[in-house]
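> In our numbering, the protein residues as written are 6 to 60. One structure is given below, represented as structure tokens, and several questions about it will come after.
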């Protein structure tokens, strides 16, 4: 696994965790921001052929 792929997958895991925490604490604004970031990361992964395991 190259550094780009590893970094991207790490960012996805971190963002998923942050999104979960935002939802659990009821921070709707932060949840929207994290969801948008996660969507962007998934799009980037798809564009580069990086397979992302379902969370």
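Each residue gets a CB set at the ideal place from its N, CA and C atoms; glycine is no exception. Given the structure is predicted, the values throughout are model-derived calculations rather than measurements.
For the alpha helix (DSSP H) holding residue 57, just list the boundary residues, first then last.
First-last for residue 57: undefined, no H or E at that position.
> Is the segment 22–31 in contact with the segment 45–52, if contact means three or more CB pairs nearer than 8 Å?
no
> Rounded to whole angstroms, what is the Cα-Cα separation between residue 17 and residue 6?
Rounded to whole angstroms, residue 17 to residue 6 spans 15 Å at the Cα level.
> Please classify residue 39 as buried or exposed, where buried requires at least 16 other C-beta atoms within 10 Å of its C-beta.
buried
> Tell me the DSSP secondary structure of residue 30 in three-state form.
Note: residue 30 maps to coil in three-state DSSP.
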